[in-house]
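Okay, structure first, notes after.
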Amino acid sequence: MASAEEVAKAAERRDVRDRWLLSAPALLVILLAATGPLLIVLVYSFLTPGAYGDVKWQFSPDAWISVFMERDIFDDTLSVAVAHVTIFWRSIKLAVVTTLATLALGFPTAYFMATRSEKTRDLWLFLITIPFWTNLLIRTFAVLQIIRNEGIINTILLKLGIISAPIQILYTDTAILIGMAYVYLPLMVLPIYASMEKLDFRLVEAGYDLYATRFKVLRKIIFPLVKPGVIAGSILVFIPALGAYVTPVVLGGGKNMMLSNLIELQFGQGRNWPLGSALSITVMVIVMLALLAYVRNAGRSGVRHG
Amino acid sequence: MNWKTMATAMGLALLASTGLARAEGVLNIYNWGNYTSPDVIKKFEDKYKIKVSITDYDSNDTALAKVRQGGTGFDIAVPSQTYVPIWIKEGLLLETDPGKMENFKNVAPEWANPEFDPGRKYSVPWAWGTIGVVVNTDAYKGPADTWGIVFNTPDELKGKVNVVPEMNDVIFAAIKYVGGQQCTDDKAVLKKVRDLLVAAKPNWIAMEYNTIEKMGAGDFKATSDWNGSALRQRLANAAIHYNYPKEGFGLWSDNVVVLKEAKNVENAKLFQNFIMDPENAAGLSAFHRYANAITGSDKYMPADMKDAPEVVIPADAKPKGEFQKMCAPETQELYTKIWTELQK
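Sequence lines, in order, name chains Z and U. For the first sequence, the numbering used here assigns the number 1 to the initial residue and increments by one for each residue that follows. For the second sequence, the numbering used here assigns the number 307 to the initial residue and increments by one for each residue that follows.
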């Protein structure tokens, strides 16, 4: 006779099995939808470019070689693909600086929000989400209207007589950074706020009671406790910033390519789909490596701080 | 551009999901954005009781790639002359033989038998134009009929010049400026082109398409541009002048073709014939601000276009114009490399 315990176990096993069966269709769809297109990209990266776009079904490692190496079209020497490295580096640098800028702005904002009374917090949260209501492109053009030569900032400064000629902000790296920081700021604020809200401010008081300076309280108490939020926010900002397309083009003037522009060129006027595919996969690998390194690093130090 | 491509893709997805109406009295046009006169379309709809729907694309490459995948549901597309031979060669077009259509007699002789579609077996002229240099004469008063404005920028314009980032157009202009032939694969010439472009770039403020608004607002004081765009800029600001570079400038034309997979062939043919009518051709021009290739359309043209220097090429500049061709794939690869190096 089966004991009550065995019956319970059997029921549990059945339960687990049913759950898997019931979620199988959804899992299958997600698996196919997520990996299918990626597999196509991977396969395409090993094919020969068609004469006018598309691919020829003929194996060729050329795309991968030209991601990293370039044959000089004039003296025919093979060397490291300086152009690609420069463009990758520019995009990575922009993503890192954007992450730091949003962190510098987002951390105090989240702290401010979390220290309001419970009732007003919702209002602040609501205000932070307002920019999400409009399209990214429209927000970017709004920034353009503010910083252009005949825009709001320059007009006011000129009227006040502070400057005699408009300051060229549009089409500079500063313009790109302003736009990126503005666009991605909510993505940083929200996760930090989520951690900050759970923070037990009695610990902060305890710190002060033990004669910790304000900076020490921030560094030793607040920051370690909201670290998961900072990590989540940084990831949420870094990844889309790396692939940013619209903002650098609209505010930077498109003179210097970003990763996304380089990839787009291959699928458009460059007519080299395999190279575009290979570049896309390279970006994914870089993001994955950066994430792994970041999470491992953060995880280790997280344990140390308890 | 990406967001436009996205919008197009979403539009396509929507079309695919709802299933295009295949009934009589429908015509699905796939054309460049902001290019199709709503008035002329309305007239066509009223005359033939055909419902027209228009989907936008933003580049020849996008259009070609989409149509090549098949199943688009489009009947008509409007590729540029450099691309028409590819569409023909890839078997994407239906031979509608516009050369035998009723209104074909109106097509100007120089457009009746073009190199890209001998005998007009597939295509009907939609618009044609030039690519030159636009300068705001408030900022620069010197001679501007040269690509030197862009490639060897005068001091007054340094840091105020825009270049429209059409790879083939920019390389074409640079080759002309150093004295080469279009589509050249001569390394000596291309080296000069590369060095010229790389040296010129620090003087540019941007590489953007949005010239009408930016020239108007004064963000740019000069730009490379299409003539119709230049005309719209001048109408907004009389100081803005269009110039035909003396080193040679590119001529282009866009052409209405019927797709092999078209479901509404007869309606598409009606449309091809319809736009070769002088009054209708003038109506199209009034909207997109480019010349058409239809004789007799002059008298229906808007007054501000009849003698516009952007539309009517001056006699002394005419010989410098040259039809842009599609370069060989290997040559194109060289150009892409130069282009990447320029923007790295």
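The beta carbon of each residue, even a glycine, is placed where N, CA and C say it ideally should be.
- In this structure, DSSP gives Z/Leu160 a state outside helix and strand, which the three-state scheme calls coil.
- Taking the C-beta atoms as reference points, U/Ser343 is found nearer than 8 Å to U/Gly589.
- Taking 9 Å as the cut-off between beta carbons, none of the residues of the stretch 409-429 of chain U comes near chain Z.
- DSSP places U/Glu351 in no beta strand (DSSP E) but in the uninterrupted alpha helix (DSSP H) bounded by Pro344 to Tyr354.
- Per DSSP, U/Asp362 is one residue of the beta strand (DSSP E) stretching across Lys357 to Tyr363.
- Under the Cβ criterion (8 Å, minimum of three pairs), the stretch 237-255 of chain Z does not count as touching the stretch 13-25 of chain Z.
- Look at U/Pro415 here: in three-state DSSP terms it is helix.
- Under DSSP, Z/Leu47 takes part in a beta bridge, and its partners are Z/Phe59.
- Taken through DSSP and simplified to helix, strand or coil, U/Phe526 comes out as coil.
- For U/Asp451, the closest of U/Asp560, U/Gly556, U/Glu472 and U/Val440 by C-alpha to C-alpha distance is U/Val440.
- Interface flag for U/Thr642 against chain Z is set, since a Cβ pair is found closer than 8 Å.
- Scanning the stretch 72-96 of chain Z from its first residue to its last, the whole beta strand (DSSP E) runs of 3-plus residues come out as 78-80.
- Collapsing the DSSP output to three states places U/Pro431 in a strand.
- With a minimum length of 4 residues, the unbroken runs of alpha helix (DSSP H) contained wholly in the stretch 492-561 of chain U fall at 493-506, 517-523 and 533-542.
- Counting C-beta pairs closer than 8 Å gives three or more between the stretch 612-628 of chain U and the stretch 544-557 of chain U, which meets the contact rule.
- Looking from the CA of U/Ala544, the closest CA among U/Trp417, U/Lys482, U/Pro615 and U/Ala480 belongs to U/Pro615.
- Measuring C-alpha to C-alpha distances from Z/Phe238 to each of Z/Thr99, Z/Leu265, Z/Phe68 and Z/Met196 identifies Z/Thr99 as the nearest.
- Between U/Val476 and U/Val484, the gap from beta carbon to beta carbon reaches 8 Å or more.
- Chain U has no Cβ within less than 8 Å of the Cβ of Z/Ile30.
- Only residues of its own chain outside the window of five on either side were considered, and among them Asn272, Leu275 and Gly276 have a CB closer than 6 Å to the CB of Z/Gln266, listed in chain order.
- Not a single C-beta of chain Z is nearer than 8 Å to the C-beta of U/Gln387.
- According to the DSSP assignment, U/Glu585 belongs to no beta strand (DSSP E) but to the alpha helix (DSSP H) extending over Pro584 to His594.
- At least one C-beta of chain U is nearer than 8 Å to the C-beta of Z/Arg148.
- In the structure shown, U/Asn579 adopts helical secondary structure according to DSSP, grouped into three states.
- The contact set of Z/Gln269 on chain U, defined by CB atoms closer than 8 Å, consists of Ser365, Asp367, Glu472, Met473, Asn474, Thr642 and Trp645 in chain order.
- For U/Asp525, the neighbours in chain Z by C-beta distance under 7 Å run, in chain order, Arg148, Asn149 and Leu170.
- Between U/Gly602 and U/Asn412, the beta carbon gap of about 6 Å places them in contact (Cβ cut-off 8 Å).
- Residue U/Ala542 holds the alpha-carbon nearest to the alpha-carbon of U/Ala523 among U/Pro508, U/Lys507 and U/Ala542.
- In the DSSP assignment, Z/Met69 forms a beta bridge with Z/Val80.
- By a beta-carbon distance limit of 8 Å, U/Ala536 does not contact U/Asn468. Their separation comes to about 12 Å.
- For Z/Leu94, no chain U residue has a C-beta closer than 7 Å to its own C-beta; the minimum C-beta separation is roughly 14 Å.
- Put simply, of U/Met582, U/Ala479 and U/Thr402 the residue whose alpha carbon is nearest the alpha carbon of U/Glu567 is U/Thr402.
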